[in-house]
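Protein sequence lines, in the order shown, are assigned to chains L and H.
Sequential numbering of the first sequence, starting at 6, is according to our numbering.
Sequential numbering of the second sequence, starting at 6, is according to our numbering.
These notes are about the structure you will find just below.
Protein chains: 2
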Amino acid sequence: MKSVATNNQTQLATASADPTLDRDAMQFHEALSELIRIYQFRDRKRICCHDISVTQCYALDALVRRGALTLNELATELYLDKSTASRVLDALERKDYLVRETDPEDRRAIQVALTPQGRELHARIEADLLEEHKRLLADLDPEVRQAISNLIGRLAREASERFSRVDGSCCKAQ
Amino acid sequence: MKSVATNNQTQLATASADPTLDRDAMQFHEALSELIRIYQFRDRKRICCHDISVTQCYALDALVRRGALTLNELATELYLDKSTASRVLDALERKDYLVRETDPEDRRAIQVALTPQGRELHARIEADLLEEHKRLLADLDPEVRQAISNLIGRLAREASERFSRVDGSCCKAQ
DNA sequence: TTATAATGTTGGTAGTAACAATGAAATCGG
DNA sequence: CCGATTTCATTGTTACTACCAACATTATAA
Numbered sequence: 006m007k008s009v010a011t012n013n014q015t016q017l018a019t020a021s022a023d024p025t026l027d028r029d030a031m032q033f034h035e036a037l038s039e040l041i042r043i044y045q046f047r048d049r050k051r052i053c054c055h056d057i058s059v060t061q062c063y064a065l066d067a068l069v070r071r072g073a074l075t076l077n078e079l080a081t082e083l084y085l086d087k088s089t090a091s092r093v094l095d096a097l098e099r100k101d102y103l104v105r106e107t108d109p110e111d112r113r114a115i116q117v118a119l120t121p122q123g124r125e126l127h128a129r130i131e132a133d134l135l136e137e138h139k140r141l142l143a144d145l146d147p148e149v150r151q152a153i154s155n156l157i158g159r160l161a162r163e164a165s166e167r168f169s170r171v172d173g174s175c176c177k178a179q
Numbered sequence: 006m007k008s009v010a011t012n013n014q015t016q017l018a019t020a021s022a023d024p025t026l027d028r029d030a031m032q033f034h035e036a037l038s039e040l041i042r043i044y045q046f047r048d049r050k051r052i053c054c055h056d057i058s059v060t061q062c063y064a065l066d067a068l069v070r071r072g073a074l075t076l077n078e079l080a081t082e083l084y085l086d087k088s089t090a091s092r093v094l095d096a097l098e099r100k101d102y103l104v105r106e107t108d109p110e111d112r113r114a115i116q117v118a119l120t121p122q123g124r125e126l127h128a129r130i131e132a133d134l135l136e137e138h139k140r141l142l143a144d145l146d147p148e149v150r151q152a153i154s155n156l157i158g159r160l161a162r163e164a165s166e167r168f169s170r171v172d173g174s175c176c177k178a179q
């Protein structure tokens, strides 16, 4: 179906229905790949500022967005193993960014809650990112900004649906 | 909403010049964060299909885009330490996706070149991604597709400039 | 009550990535 | 030309991440 060394097949697949789709998709693919690539590398060196890692940052963010969570909920939210999530919490708890509290309704479970320091760190990181994004948007027209946000939001939603549907566990790698 | 309860200064900074920028930037920030987040998690489990990791995939991609490279060039391209890049090559060479060849002009250096298998794997991965992106774009108008690609390309370029300029080595983490 | 399931923790293992040190080859200065 | 320095790639070491499996504790079902 998709041995692409040649591009005849993909053309055949959709050319009749939508002649520009292939070219548009190619352009989109190149642009998005580059964007993802840049942000991914940036993540390693910049998002995780102040003294936390990328995963820890996502954990903080999840706790701000969703409020106090149990470890299982957090692990699900972050697509992590619960043991990994537990260790992520260890690190954040050591730095006083959150606390584990036993759930009064289910004494097996814990409620993970941010401390003021954790909330403050998250706010600082968010503010930094927002500032960056503001600079990126500054010289665009307001209606273009709106269009971008809408489109990116839509992309995110569609991507999310697609990825959650498929879920083949690839990448054991080595 | 969100974390930004704290910062009046960002409002002061630009409110007079551009009244919608703050709100637009906020929306953009949320949309983009979500997109990045989704792609980042997907990376871990899906891009790296077939039998290679994310980093290995980027290495393949760099070799396709830039042709044969020395290890140093590749490490720079991937923002990796030389030693890490060398081990990435180990893995890919073991799977016969590339070969190391001594550079005839500098016998300290190696030229890393893809094998036919490596090229074919890259083509297959690209084709998969392209197919996904095609599906994402399929129900958008052609002019909207163009606008998206242009905007994303621009975002990538601006982000790239910004990130390469700053380069504070954060994230020692733990 | 006992059996089963769920929650979170810990141990073990593998992979990733950085820093440091090394060997080998090229380059520079005298 | 020769020694010192620099550059290129690799190996050793260390730290972190993430997965699986096993476990103690608690909840729920039979």
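Glycine residues also receive a C-beta, built at the ideal position from the N, C-alpha and C atoms.
Everything numeric in this text was worked out from a predicted model, so none of it was measured.
Excluding sequence positions up to five away, which residues of its chain have a Cβ less than 7 Å from the Cβ of residue i?
{"i": "L17/H", "result": "For L17/H, the pLDDT reaches just 43, beneath the cut-off of 50, and the residue's location in the model is therefore unreliable, although a value from the coordinates is still provided. If we look at L17/H and ignore the five residues flanking it on each side, it has no Cβ neighbours."}
{"i": "A96/L", "result": "Q61"}
{"i": "A118/L", "result": "A73, L103, V104, E106"}
{"i": "D56/L", "result": "K100"}
{"i": "D108/H", "result": "T75, A114, I115, Q116"}
Can you pull the DSSP bridge partners for residue i?
{"i": "E106/L", "result": "Q116/L"}
{"i": "L26/H", "result": "Answer by DSSP bridge pairing: none, since L26/H is not bridged."}
{"i": "L74/L", "result": "V117/L"}
Please report the distance separating the alpha-carbon of residue i from that of residue j.
{"i": "A30/H", "j": "C62/L", "result": "20 Å"}
{"i": "D144/H", "j": "E35/L", "result": "19 Å"}
{"i": "E106/H", "j": "R70/H", "result": "19 Å"}
{"i": "E148/L", "j": "D146/H", "result": "18 Å"}
{"i": "S165/H", "j": "L76/L", "result": "36 Å"}
{"i": "Q116/H", "j": "R129/L", "result": "44 Å"}
{"i": "S58/H", "j": "V93/L", "result": "22 Å"}
{"i": "Q151/L", "j": "E110/L", "result": "44 Å"}
{"i": "A90/H", "j": "R159/H", "result": "29 Å"}
{"i": "D86/H", "j": "A64/H", "result": "13 Å"}
{"i": "Q122/H", "j": "L134/H", "result": "18 Å"}
{"i": "R28/L", "j": "E163/L", "result": "20 Å"}
{"i": "Q138/H", "j": "H138/L", "result": "According to the sequence displayed, residue 138/H carries His and not Gln. Whole-angstrom Cα-Cα distance: 24 Å."}
{"i": "E125/L", "j": "E98/L", "result": "15 Å"}
{"i": "D23/L", "j": "I43/H", "result": "28 Å"}
{"i": "S88/H", "j": "E131/H", "result": "27 Å"}
{"i": "T120/L", "j": "A114/H", "result": "52 Å"}
{"i": "L1/L", "j": "E136/L", "result": "Coverage of chain L is limited to positions 6 through 179, which leaves residue 1/L absent and any answer about it impossible."}
Assuming residue i contacts residue j (C-beta within less than 8 Å), just tell me the rounded distance between them.
{"i": "L40/H", "j": "A161/L", "result": "4 Å"}
{"i": "F33/H", "j": "I153/L", "result": "6 Å"}
{"i": "L142/H", "j": "L26/L", "result": "7 Å"}
With a CB to CB cut of under 8 Å and the five nearest residues on each side skipped, what residues in its chain are close to residue i?
{"i": "A67/H", "result": "L74, L79, E82, L83"}
{"i": "R112/L", "result": "none"}
For residue i, which residues from the same chain have a beta carbon less than 6 Å from its beta carbon, with the 5 sequence-adjacent residues on both sides left out?
{"i": "H127/H", "result": "L65, V69"}
Notebook entry, point to check: Which residues, in order along the segment 153-169 of chain L, keep a beta-carbon less than 7 Å from a beta-carbon of chain H?
Noted result: Listed in sequence order: I153, S154, L156, I157, G158, L160, A161, E163, A164, S165, R167, F168.
Item checked: Residues of the segment 133-151 of chain L with Cβ closer than 8 Å to any Cβ of chain H, in chain order -> For the segment 133-151 of chain L, which is checked against every Cβ of chain H, the residues closer than 8 Å are L134, L135, E136, E137, H138, K139, R140, L141, L142, A143, P147, V149, R150, Q151.
Next item on the list: Identify each residue in the segment 34-48 of chain L for which the Cβ-Cβ distance to at least one residue of chain H is less than 9 Å, and report them in chain order.
Entry: Here the close residues are H34, E35, A36, L37, S38, E39, L40, I41, R42, I43, Y44, Q45, F46, R47, D48.
Next item on the list: Please name the residues in the segment 93-116 of chain L whose beta-carbon is closer than 7 Å to at least one beta-carbon of chain H, in chain order.
Entry: Only A96 from the segment 93-116 of chain L bring a Cβ to less than 7 Å from some Cβ of chain H.
Note to self: Give me the subset of the segment 62-80 of chain H whose CB atoms are less than 9 Å from a CB atom of chain L, sorted by chain position.
What the structure shows: Contact residues of the segment 62-80 of chain H toward chain L are Y63, D66 (C-beta to C-beta distance below 9 Å).
Check: Going along the segment 23-34 of chain L in order, which residues come within less than 8 Å of chain H, judged by CB to CB distance?
Finding: Under the 8 Å Cβ criterion, the segment 23-34 of chain L contributes D23, T25, L26, D27, D29, A30, M31, Q32, F33, H34.
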